[in-house]
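Novice:
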Amino acid sequence: MDGKTERFAKAIYETVVTESVQSYKDMFNNMEISSDTDDYSRQAVTLFRSLSKDDQSVFMRIIEQTIIDDVSHVCGIMDGTSTLTNCDIEPKLLLDSEETDELLQEMFLAHIEEEDLNP
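Just so you know, we're using this note's numbering here: the sequence shown kicks off at 565 and counts up by one.
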């Protein structure tokens with residue numbers, strides 16, 4: 565595996581997936597609902613808290629898998645292995661001026677598999 569691309573893919577996982585999931589957990593478990601809370605947040609927190617502990621766990625795994633799927637798709641678009649609908653622009657991702665050789669999505673998913681990080 566390419567060292568920089570692999571490190572970048574792992575950093576994306578940690579920054580986007582791990583930190584986002586933790587942010588959602590914190591919101592669902594710790595947010596105090598008040599008159600200032602927007603409707604979407606109030607509804608989301610109320611829904612989450614109405615679930616059993618087992619269902620809350622499933623709900624969080626769904627969120628995590630959704631984030632992984634979306635990040636994987638964006639990585640594929642950025643590294644040129646996936647295409648955008650109705651767009652003929654060809655992206656090329658450089659890390660410290662080095663090409664990623666169309667490996668970002670592959671390395672992102674390999675990191676998840678190798679570390680057994682699937683929800």
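For every residue, glycine included, the Cβ atom is placed at its ideal position computed from N, Cα and C.
Between ASP643 and GLN669, how many whole angstroms is the CB-CB distance? I'm expecting something under 8 angstroms.
Specialist: Between the beta-carbon of ASP643 and that of GLN669 there is about 6 angstroms, and that keeps the pair under the 8 angstroms contact cut.
Novice: MET671: buried (16+ other C-beta within 10 angstroms of its C-beta) or exposed?
Specialist: buried
Novice: Can you determine whether any heavy atom of the ligand PLP sits closer than 8 angstroms to the C-beta of THR601, and answer yes or no?
Specialist: With respect to the ligand PLP, the structure shown offers nothing to examine, as it has no ligands at all.
Novice: Who are the near neighbours of ILE632 in its chain, counting only those whose CB is closer than 7 angstroms to its CB and skipping five residues on each side?
Specialist: VAL581, ILE676
Novice: Determine the direct distance from the alpha carbon of PHE572 to that of SER614, and round the result to whole angstroms.
Specialist: 38 angstroms
Novice: Along the chain, where does the alpha helix (DSSP H) containing ILE676 start, and where does it finish?
Specialist: 668–678
Novice: Shortest alpha-carbon distance to ALA608 belongs to which of PHE623, GLU663, SER584?
Specialist: PHE623
Novice: What are the start and end residues of each continuous alpha helix (DSSP H) run of 4 or more residues lying completely inside the segment 585–642, in chain order?
Specialist: Fully enclosed alpha helix (DSSP H) runs of 4 or longer: 603–614.
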